[in-house]
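Numbering (my numbering), first residue to last: 25 to 204.
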Amino acid sequence: TLGDPASDVGTFTATSTSDDGRQIGWTYSVDPADLRVLGQDEIREQSYLIEAIDDQGDADTQTVTVTLRGINDAVTFTSPAGAGELADVVGGPTDASTAGQLAFDDADLTDLHAVTVVGIAGNDSGVTFQTSIGAEPSDGQGVVDWSASVDGPSLDKLGAGETRKVTYTLEVSDGKGSTD
25 TLGDPASDVG
35 TFTATSTSDD
45 GRQIGWTYSV
55 DPADLRVLGQ
65 DEIREQSYLI
75 EAIDDQGDAD
85 TQTVTVTLRG
95 INDAVTFTSP
105 AGAGELADVV
115 GGPTDASTAG
125 QLAFDDADLT
135 DLHAVTVVGI
145 AGNDSGVTFQ
155 TSIGAEPSDG
165 QGVVDWSASV
175 DGPSLDKLGA
185 GETRKVTYTL
195 EVSDGKGSTD
């Protein structure tokens with residue numbers, strides 16, 4: 025059999041299936057983990073050449089093509105929830121800001137991801153919260169960048185020792201129906 029050992033996944037085997045050697049059968053097997061890099065409905069074809077030689081030395085060949093079709097692997101956040109603290113600066117109407125990153129996994133390297141805020145808990149008056157995909161998964165892991173800022177006058181409304189907690193719930197999606 026011929027294939028491309030450098031890029032083919034799985035194992036292809038051709039064997040004689042009859043006593044006189046006139047029938048050749050083949051089998052193909054692949055570890056599902058080797059197919060995770062294929063996105064939903066992404067197709068990869070691998071071709072193998074089977075050669076039969078009779079006792080007179082005459083040969084004939086037949087090509088067998090195996091078609092592999094990807095499915096949508098789930099996208100999942102892999103890092104713990106992020107947190108940032110914004111503090112008032114004594115004596116001034118200074119804005120405050122913080123930022124961070126959250127990691128996510130998606131084996132489908134061809135997916136284009138998006139992140140959205142799907143929930144806000146607490147009073148977010150005066151707070152600006154932004155998110156973006158910082159890095160698409162090139163090795164299965166991507167990054168969500170987030171930043172938050174609050175204007176000085178909103179902070180000045182808090183009394184000494186008083187805090188205000190705002191929680192943003194994020195969702196990352198792969199554009200193919202998988203979200204986390």
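Even glycine gets a Cβ: it sits at the ideal position worked out from N, Cα and C.
Taking the straight line between their C-alpha atoms, what separation do you get for residue i and residue j?
i      : j      : result
Thr155 : Val139 : 7 Å
Ala98  : Gln165 : 12 Å
Val61  : Leu133 : 6 Å
Ala127 : Asn96  : 19 Å
Arg28  : Ala131 : The residue you asked about is not Arg; residue 28 is Asp in the sequence shown. In a straight line, the C-alpha of Asp28 is about 23 Å away from that of Ala131.
Ser53  : Leu59  : 12 Å
Gly201 : Gly158 : 20 Å
Val33  : Ala57  : 10 Å
Gly63  : Val196 : 17 Å
Leu171 : Thr35  : Per the sequence shown, the amino acid found at residue 171 is Ser instead of Leu. Straight-line Cα distance between these residues: approximately 47 Å.
Asp82  : Val90  : 26 Å
Ser103 : Leu73  : 46 Å
Asp65  : Asp198 : 14 Å
Gly49  : Asp163 : 37 Å
Asp175 : Ala120 : 7 Å
Arg188 : Ala123 : 17 Å
Ile77  : Ala30  : 27 Å
Thr118 : Asp129 : 37 Å
Thr25  : Phe153 : A caution first: Thr25 carries a pLDDT of 48, below 50, which makes its placement in the model unreliable, though a value can still be read off. If I take the Cα positions, the gap works out to 57 Å.
Less than 8 Å between the CB atoms is what I'm expecting for residue i and residue j, so what's the real figure, rounded?
i      : j      : result
Phe101 : Asp169 : About 14 Å; that fails the 8 Å criterion.
Arg93  : Ile67  : 6 Å
Ser71  : Thr51  : The pair is not a contact, with the Cβ atoms about 16 Å apart (cut-off 8 Å).
Glu160 : Leu136 : 7 Å
Thr85  : Glu75  : 5 Å
Gln125 : Val167 : 5 Å
Ser149 : Ser173 : Not really, about 13 Å apart at Cβ, beyond 8 Å.
Could you spell out the range, first to last residue, of the beta strand (DSSP E) harbouring residue i?
i      : result
Leu133 : It is not in any beta strand (DSSP E) - Leu133 carries neither H nor E in the DSSP assignment.
Val141 : Ala138 to Ala145
Val292 : Outside the displayed range of the chain (25 to 204) lies residue 292, so it cannot be described from this structure.
Gln86  : Ala83 to Arg93
Meets three-Cβ-pair contact criterion under 8 Å: the region 141 to 156 and the region 175 to 192:
The answer is yes - the region 175 to 192 touches the region 141 to 156, with three or more Cβ pairs under 8 Å.
Which runs of the alpha helix (DSSP H) spanning at least 4 residues fall entirely within the region 153 to 199, listed in chain order?
Within the region 153 to 199, the complete alpha helix (DSSP H) runs of at least 4 residues are 176 to 180.
Counting only runs of 3+ residues fully inside the region 36 to 75, write out the beta strand (DSSP E) ranges in chain order.
For the region 36 to 75, whole beta strand (DSSP E) runs of length 3 or above, ordered along the chain, are 48 to 53.
For the 8 Å Cβ check, are there 3 or more pairs between the region 34 to 53 and the region 103 to 113?
These segments do not touch.
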